[in-house]
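Trainee: First the structure, then my questions, so here it is.
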Amino acid sequence: MSEDRQLGGDEVARPQHVGEEDAGARQAVLQADRTGDAEGRVVPDPDAGRWHDALRRVTQGSWAVSVGAVVLAVLAGSVLIAVTDEAVQEASGYFFSRPSDTLAAVGSAVGSAYAALFRGAVWNFQADDLAGAIRPLMNSLNFATPLIGAGLGVALAFRAGLFNIGGRGQMLVAAAAAGWVGFGMELPVVLHLLVAMAAGIAAGAVWAGIAGLLKAATGAHEVITTIMLNYIAFYLVSWMLATPGLLQAPGSSNPKTPPMQDTAVLPDLFGPRYNVHWGLVFALVAVAFVWWLLNRSRLGFTFRAVGENPAAARVAGIDVPRTTVSVMLVAGGLLGLAGATQVLGTVTTGFSSDIDAGIGFDAITVALLGRSSPIGVLFAAILFGAFKAGGSVMQASENVPIEIVVVVQSLIVLFIAAPPLVRAVFRLPQPGERPARKPRSRSKQKEVAA
Amino acid sequence: MTTATATPSSASVSEDLRHVTVVSRKSALVLTVVTALMALLLLLSPREGDVQYRMGAEGDALRLPDVALPGMTVAWVCVAIAAVLAAVAWLQVRAERTLSFAVPMVFAVVLLVAFLSWAGAGSPQDFPVSRIIGGAVLLSVPILFGALGGVIGERAGVVNIAIEGQLLLGAFAAAITASLTDSPIAGLLAAVTAGMLVALVLGLFTITYKVDQVIVGVVLNVLVIGLTSFFYSEVLVPNAERLNETDRFAPVAIPLLSEIPVLGPALFRQSVLVYLAYVTVPAVWFALYRTRWGLRLRAVGEHPKAADTVGIKVLRTRYRALLIAGGIVGVGGAFYTVVSVSSFGKEMTAGAGFIALAAVIFGKWDPLRAALAALLFGFASNLDDMLSLVGAPVPSQFMLMLPYVVTLFAVAGLVGKSRAPAADGVPYIKE
Amino acid sequence: MTLELRGITKRFGTLVANDHISLTIEPGQIHCLLGENGAGKSTLMNVLYGLYTADEGEVLLDGVPQRFRGPGDAMAAGIGMVHQHFMLIPVFTVAENVMLGHEQTLSGGRLDLDAARERVREIAARFGFHVDPDALVEDLPVGVQQRVEIIKALSRDAKVLVFDEPTAVLTPQETDELMGIMQQLKASGAAIVFITHKLREVRAVADRITVVRRGRVVGEADPDSTDAELAALMVGRAVELTVQKEPPRIADALLEVSGLEVRDAKGAVLVDDVSFTVRGGEVLVVAGVQGNGQTELTEALVGLQHTVSGSIRLDGTELVGRSVRQVLDAGVGFVPEDRSTDGLVGAFSVAENLMLDRTDGPPFVRRGVLQLDELERFAAAAIEEFDIRTQGTTEPVGRLSGGNQQKVVVARELSKDLRLLVAAQPTRGVDVGSIEFIHKRIIATRDAGVPVVVVSTELDEAVALGDRILVMYRGRIVGVVPADTPRDVLGLMMAGISPEESAA
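Sequence order for the protein chains is L, P and Y. The opening position of the first sequence corresponds to residue 1 in full-length UniProt numbering, with each subsequent residue numbered one higher. The opening position of the second sequence corresponds to residue 1 in full-length UniProt numbering, with each subsequent residue numbered one higher. The opening position of the third sequence corresponds to residue 1 in full-length UniProt numbering, with each subsequent residue numbered one higher.
Structure, rendered in structure tokens:
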């Protein structure tokens, strides 16, 4: 490597009496690429490149930063819990006469909140038997189930350079389709479930496919279109839920579906004592599938090529617009899987338009925390599932609003997105040779060249 | 979009080159399709009877007579006009000229009238025209401020997806402050501060740490939703009377102007925030195109390095633009808690920030056009109320969906060719 | 004003771009900074202009040390720069560009555009050329844009003017006009730094010449020095560029291009009625100054351009209207001009890049599944055969040096069953050893009976590699001539003068 980095060597010396233009500049760009880029990559196409570059930086940073980000975010959450705690507020009223009271109150508030979180997410030390003690863990897995599929959907799109913010819409449409098959059709056992799942996956795929198609055909940015499609899906499903004969339960005036038929319900995975259902298996299969897709299949190869350098992909004969549509179809299918397991596994008694439960947006944070790798997404989803499971216990027993989980989640992602910040806090070394320097990205390298 | 550092013009375009004009057909195509869809609706679902438009309001000095017209006829006339506009668009394509912004705008208004006339046909209720327009103007206020802030940010090269978060935090801050002080003006100022606070965080991550602007924007939205919901449950709900009950800005009638028939009550018997919007739109336009600040801001958004080489501080310019934009968006946030209703509710902005973002694009990054787009979207939001008033045959969900569908059409081509600032979304990194 | 640079050192990571460079530039002189591409000239000037901070050394104006924290400081001190890549805002008018950064305002904070227009006219008049202050910069030809850059610098009363590779994008005629302007500036007492690597220009205007090589000053040269002396100083050793090749043995294969026209999205005709044929076993070099339609021509050949009319027939099969995939499948190998943008995926491994355009079927893909073992074998063989210096098949290609990256591209394209090879700037930014290797492989491909089209902006390469040379100017063919055509004729053709006139 060091030899390769010895630049300004032979490449520079060449006769060039006529050769015009900025060959030198390009050369310098390449040199700067190699000397400057911390990851040592040649940065692709300038236009799409900068975007992919930034994306890559967020999605493929170091694991130490991820852990640091989680720690920082949890600390920030503690501050929120502390300042809104009544005992803390009371004690801080006489902080200067007896600061220890305040600190004790802070400790107690934060400690009991996180204890509740742990009790709700991992291990219930108040339970009588083992089965009860691991129930929280099962709850966490249950919450993680849709997050896995949804996170995969967002992560896959990231890998292809697309930002799928449309998780909510894709899940809603999928839930509607899967639910409609689930309660409305009469089919034999197993087959019914499979058809319902397939319907959900297909619906999610189609909904995301619209955004893909719009991007491929007109260049409409997927960030905008998927956001719009979220709202369109929401109102569409709301309407269907309020319309008898579509999704509304017969004889009811509530915007809610009838319960799923037993033949379409995902069976419990570990028996009736736990609410973990076969959706988890589907999600795990999806993890394996996405890993295979990305690393072993032609399609995944083209996804990654387009994501890393669309210009080179196009020159190599890869149909970029078609790939865009394919990516969105698969991504939407994965979110559809999440939506389908919601209605066929988690909420089988009939659902309303809040069935997505914010998972579509959580999926973005899951994908970012998981560095857009299938395995990373799996672990990130379990972590966030644990937050959710623990958060509700925290809310019930300690009166800490569950939104604290949303705050912590978004802070995690913000911190991950800014590695220099986390590195500065934890004094982590910068990847590459030089310590503690701001990451250099493409535009600077061009300046170096100029 | 091109790169920040691209040479201003490729060396190959020169006076010696032949030139063939190319025009996008997308706009014409979209206009045609939409017209056809409207015609189809009229054909498949004809409605009998007159549609009534109430032109005056109680207490008008000058009161115009109300109008009752056969709804279907009006609708068909409008469709015909729409068809003509579509034809104009096609002629422009053939004449190799780009479509002016006015055509889609007029088209949208005409179709709206067609739709209203169809929906209101045969209804015993009449459409209060003043209230429709006035309501639309009022509803467009947060979108408009959001869009203006978006325009400023993007013109300086920072994509702001966090408009929604700025609106929400603005609403939240305004609610608490106005409740505590019993002063809506204090609430307004707090909202401005809140908008700037979000902008500061956005700037910190995107300008200083060069994190992808879309990611930060999305995450900031989630963060603000989380924070405001957390504090709402934890603090506002238990202390609702003290912290979440504001005095609102009362509507103020402007003498003389408010007496203009139809439009007067609609436009000039409004809340202070609406008048502020009337002032802000031209002010932003002037600042962007006629002042040193605007020239530098646009330079930084187009070609930051060029700006740097003439001694303009790129990062500082972007921060400043973002903060001002954040303040403007904050004003829009105040709308929710000191104009519209008098208390904060969880996620009460309900996606207005995203509509504002769409208005920025629909308005081609121009303050005047973005404001018009915001008005149009406000109109669409208002339609829902209007149609339930006349008992229209269209489910309310579809009305609520309309702004988003329109936006989808818009980004897919109704806007025609539009050019974002060249360095929009690109972090500027120098040694 | 006298400008002095003392011991300037600038490092980028491990690369020392400037190594203790010292220079003195006197008023009323044109001081040429001569050096190869990548010798560190531009870096030095960016240090001078406050864009980079030097690691060591200082800048003095009339003996007073300066501290520039940004270009603003440099400009205030009287240094102006005409950048290689124009620092103009394309969507602004000339007047707006000129006033940017030192705007005058009227009451109410309004910009004083009239004053700016007047300033543009006044400075333009001083040098006897006309520029419309209200024209949008993006609508102006390159040469005029450059004048806007000069006006911009002069409008701030620059006493020291730096021209950074100003002629790279100019036609010979525009270059001569620029030289005239520089002489005028000199006569008015300005100190001028002229950065270039073109010997002819140096000898035409220089009062003093400083030669820079690999970041160091290697000496001063007399303006009367011969080309050979200057070149030797600049390059450091004599490098000969010759390619061993036999006379062409014409084979049956045939590429026929007729009436080809390529337009860009705005409708500019970039390739205008181009017709030529290349037969199997010969190399046709498309020569010309950068940006005269060569890039678009090659992209059209491969199916990368959208608005193409005319005909491209390969062995009788029409290629116009085909997708890139179909063109590649027809047996076309393509070495794109900019490998890091168009040729490689930097984050992908060497092996993955070797299959980048072969994803549609065997040997590397079967039933949609990657054949990683097959790929591994192929990659190992290609690394061997093409002498790609890498740590292994899995090393990200972005970590390789430019020459080795290019060899990856060449290996990929030449490993296919070729019926046509299109290579655009195949040796740009490549070390000498790799250049020779790549040239050899291209000739081997020709000798295998494949028609070869090579685009090169370098006359040496064109002459060495080509059997025939096609010169393009402003999208049109100036002429197709044998490779042994005298160089001065080729040079004139590159300026748009037909071979008949050139020879006359």
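Heads up, the beta-carbon is just placed ideally off N, CA and C, and yes, glycines get one too.
Quick one: is P:Thr317 near chain L, going by C-beta distance under 8 Å?
Mentor: In the second sequence, counting from the first residue as 1, residue 317 of chain P sits at position 317. P:Thr317 does not count as touching chain L.
Trainee: Alpha carbon to alpha carbon, how far is Y:Asp460 from L:Asp4? Give it in angstroms, no decimals.
Mentor: On the first sequence, position 4 is the one that residue 4 of chain L refers to. On the third sequence, position 460 is the one that residue 460 of chain Y refers to. In this prediction, L:Asp4 scores a pLDDT of 36, lower than 50, which makes its location untrustworthy; no coordinate-derived value is stated.
Trainee: Among Y:Asp387, Y:Asp342 and Y:Leu356, whose alpha-carbon lies nearest the alpha-carbon of Y:Leu375?
Mentor: Start at 1 with the first residue of the third sequence, and residue 375 of chain Y comes out as number 375. Among Y:Asp387, Y:Asp342 and Y:Leu356, the Cα nearest to that of Y:Leu375 is on Y:Leu356.
Trainee: Strictly under 8 Å for the Cβ-Cβ distance: is P:Glu234 near chain L by that measure?
Mentor: Looking up residue 234 of chain P in the second sequence gives position 234. It does: the Cβ of P:Glu234 has a partner Cβ on chain L nearer than 8 Å.
Trainee: Name, in chain order, the residues that DSSP records as bridge partners for Y:Tyr473.
Mentor: The residue labelled residue 473 of chain Y in the question sits at position 473 within the third sequence. Y:Tyr473 pairs with Y:Arg476.
Trainee: Relative to the C-alpha of P:Met38, which residue among P:Arg25, P:Gly49, P:Ala83 and P:Pro65 is closest?
Mentor: Residue numbering aside, residue 38 of chain P sits at position 38 when the second sequence is read from its first letter. Ranking P:Arg25, P:Gly49, P:Ala83 and P:Pro65 by Cα distance to P:Met38 puts P:Ala83 first.
Trainee: I want to see whether chain Y comes within less than 8 Å of L:Glu398, judged by CB atoms only; does it?
Mentor: In the first sequence, residue 398 of chain L corresponds to position 398, counting from 1. So, not an interface residue.
Trainee: Do the region 63 to 81 of chain Y and the region 160 to 168 of chain Y make contact, defined as three or more Cβ pairs closer than 8 Å?
Mentor: Contact holds: three or more Cβ-Cβ distances are below 8 Å.
Trainee: By Cβ distance below 7 Å, which residues in the same chain neighbour P:Gly135 in space, the five residues on each side in sequence not counted?
Mentor: Locating residue 135 of chain P in the second sequence gives position 135, counting from the first residue. So the qualifying residues of the chain are Asn382 and Asp385.
Trainee: I want to verify the contact list: residues of chain L whose CB lies under 7 Å from the CB of Y:Val365, in sequence order.
Mentor: Start at 1 with the first residue of the third sequence, and residue 365 of chain Y comes out as number 365. Simply Arg298.
Trainee: For L:Asp37, does the three-state DSSP call read helix, strand or coil?
Mentor: Here residue 37 of chain L corresponds to residue number 37 of the first sequence, with the count starting at 1. Residue placement at L:Asp37 is poorly supported in this model, since its pLDDT is 30, which falls under 50; the coordinates are not used for a value here.
Trainee: Just mark P:Leu44 as buried or exposed, buried being the case when its beta carbon has 16 or more other beta carbons within 10 Å.
Mentor: Taking the second sequence and counting its residues from 1, one reaches residue 44 of chain P at position 44. Per the 10 Å Cβ criterion, exposed.
Trainee: With Y:Leu420 and Y:Leu255 assumed to form a contact (beta carbons below 8 Å), what rounded beta-carbon distance in angstroms separates them?
Mentor: For the purposes of this step, residue 420 of chain Y is taken as residue 420 along the third sequence, with counting starting at 1. For the purposes of this step, residue 255 of chain Y is taken as residue 255 along the third sequence, with counting starting at 1. Contact flag correct, Cβ pair sits at about 6 Å.
Trainee: Taking the CB atoms as reference points, tell me whether Y:Arg117 and P:Thr291 lie closer together than 8 Å.
Mentor: As a position in the third sequence, residue 117 of chain Y is number 117, starting the count at 1. As a position in the second sequence, residue 291 of chain P is number 291, starting the count at 1. Result no, Cβ atoms of Y:Arg117 and P:Thr291 do not sit closer than 8 Å.
Trainee: If you measure beta-carbon to beta-carbon, which residues of the region 317 to 335 of chain L are closer than 9 Å to chain Y?
Mentor: For the region 317 to 335 of chain L, which is checked against every Cβ of chain Y, the residues closer than 9 Å are Gly317, Ile318 and Asp319.
Trainee: Evaluate contact between the region 321 to 339 of chain P and the region 196 to 204 of chain P, counting only Cβ atoms and requiring at least three cross-stretch pairs below 8 Å.
Mentor: Yes, the region 321 to 339 of chain P is in contact with the region 196 to 204 of chain P.
Trainee: Could you pull out every residue in the same chain whose Cβ sits closer than 8 Å to the Cβ of P:Ala28, ignoring the five residues on either side in sequence?
Mentor: In the second sequence, the residue the question calls residue 28 of chain P occupies position 28. Excluding residues within five positions, the ones whose Cβ falls inside 8 Å are Ala86, Ala89, Trp90, Gln92, Val93 and Leu99.
Trainee: Does the CB of Y:Pro223 have a neighbour CB from chain A at under 8 Å?
Mentor: Among the protein chains of the structure shown, namely L, P and Y, there is no chain A.
Trainee: Measure the C-alpha to C-alpha separation of L:Ala208 and Y:Val285 and round it to an integer number of angstroms.
Mentor: Indexing the first sequence from 1 puts residue 208 of chain L at position 208. Indexing the third sequence from 1 puts residue 285 of chain Y at position 285. Each residue's Cα considered, the two are about 47 Å apart.
Trainee: Return helix, strand or coil for P:Asp424, following the three-state DSSP convention.
Mentor: Taking the first residue of the second sequence as 1, we reach residue 424 of chain P at position 424. Coil.
Trainee: Just checking: is the beta-carbon of L:Thr302 within a distance shorter than 8 Å of some beta-carbon in chain Y?
Mentor: Residue numbering aside, residue 302 of chain L sits at position 302 when the first sequence is read from its first letter. Yes, L:Thr302 lies at the interface with chain Y (some Cβ there is under 8 Å from its Cβ).
Trainee: Give the secondary structure of Y:Asp73 by DSSP, where H, G and I count as helix, E and B as strand, and everything else as coil.
Mentor: For the purposes of this step, residue 73 of chain Y is identified with residue 73 of the third sequence, where counting begins at 1. Here Y:Asp73 sits in helix by DSSP.
Trainee: Out of curiosity, what's the CA-to-CA distance linking P:Leu116 and P:Asp50?
Mentor: Locating residue 116 of chain P in the second sequence gives position 116, counting from the first residue. Locating residue 50 of chain P in the second sequence gives position 50, counting from the first residue. Using only the alpha carbons, I get a separation of about 12 Å.
Trainee: Can you have a look at L:Ala417 and say buried or exposed, based on whether 16 or more other CB atoms are within 10 angstroms of its CB?
Mentor: In the first sequence, residue 417 of chain L corresponds to position 417, counting from 1. Answer is buried; the Cβ neighbour count reaches 16.
Trainee: Using a Cβ-Cβ cut-off of 6 Å (strictly less than) and excluding sequence neighbours within five positions of Y:Val169, which residues of its own chain qualify?
Mentor: The sequence position of residue 169 of chain Y within the third sequence is 169, counting from 1. Val142, listed in sequence order.
Trainee: For P:Ala80, which residues from the same chain have a beta carbon less than 7 Å from its beta carbon, with the 5 sequence-adjacent residues on both sides left out?
Mentor: Along the second sequence, read from residue 1 onward, the residue named residue 80 of chain P stands at position 80. Counting only Cβ-Cβ distances below 7 Å, and skipping sequence neighbours, we find nothing.
Trainee: Under 8 Å by Cβ, that's how I've got P:Trp285 and P:Pro403 pegged, so tell me the actual separation to the nearest angstrom.
Mentor: The residue you call residue 285 of chain P lines up with position 285 of the second sequence. The residue you call residue 403 of chain P lines up with position 403 of the second sequence. No, P:Trp285 and P:Pro403 are not in contact; Cβ-Cβ is about 24 Å, not under 8 Å.
Trainee: Pick out whichever of P:Leu138, P:Val106 and P:Met401 has its Cα sitting closest to the Cα of P:Phe268.
Mentor: In the second sequence, the residue the question calls residue 268 of chain P occupies position 268. With distances taken between Cα atoms, P:Phe268 lies closest to P:Leu138.
Trainee: For Y:Val345, go through chain L and note every residue whose CB falls closer than 7 Å to its CB, in chain order.
Mentor: As a first step, residue 345 of chain Y is located in the third sequence; it is residue number 345 there, counting from the start. In chain order: Pro44, Ala305, Glu308, Asn309 and Ala312.
Trainee: Is the separation between the beta-carbon of Y:Pro396 and that of Y:Phe364 shorter than 8 Å?
Mentor: Translated into the one-based positions of the third sequence, residue 396 of chain Y becomes position 396. Translated into the one-based positions of the third sequence, residue 364 of chain Y becomes position 364. Against a cut-off of 8 Å, the Cβ pair of Y:Phe364 and Y:Pro396 comes out as no contact.
Trainee: For the putative contact between L:Ala113 and L:Glu403, defined by C-beta atoms under 8 Å, what is the C-beta separation to the nearest angstrom?
Mentor: Stepping through the first sequence from its first residue, residue 113 of chain L is reached at position 113. Stepping through the first sequence from its first residue, residue 403 of chain L is reached at position 403. Not a contact, Cβ separation roughly 13 Å.
Trainee: Taking all protein chains shown into account, do 16 or more other C-beta atoms lie within 10 angstroms of the C-beta of L:Gln342, making it buried, or fewer, making it exposed?
Mentor: Taking the first sequence and counting its residues from 1, one reaches residue 342 of chain L at position 342. That one is buried.
Trainee: Count the other C-beta atoms from every protein chain shown that fall within 10 angstroms of the C-beta of Y:Lys152, then say buried if there are 16 or more, exposed otherwise.
Mentor: For the purposes of this step, residue 152 of chain Y is taken as residue 152 along the third sequence, with counting starting at 1. Buried is the call here.
Trainee: Just to make sure I have the definition right: I need the residues of chain Y whose C-beta is within less than 8 Å of the C-beta of P:Arg208. Which are they?
Mentor: As a first step, residue 208 of chain P must be located in the second sequence, where it is residue number 208. Looking at the sequence shown, residue 208 of chain P is not Arg but Thr. Simply none; closest approach about 17 Å.
Trainee: Among residues of its own chain, excluding the 5 on either side of P:Gly294, which ones have a beta-carbon nearer than 6 Å to its beta-carbon?
Mentor: Residue mapping note: residue 294 of chain P aligns to position 294 of the second sequence, counting from 1. Here the set comprises Ala287 and Leu288.
Trainee: For L:Val315, which residues in chain Y fall below 8 Å Cβ to Cβ?
Mentor: Mapped onto the first sequence, residue 315 of chain L falls at position 315. Correct list: Val302, Leu304, Val324, Phe334, Pro336, Asp342, Gly343 and Asp357.
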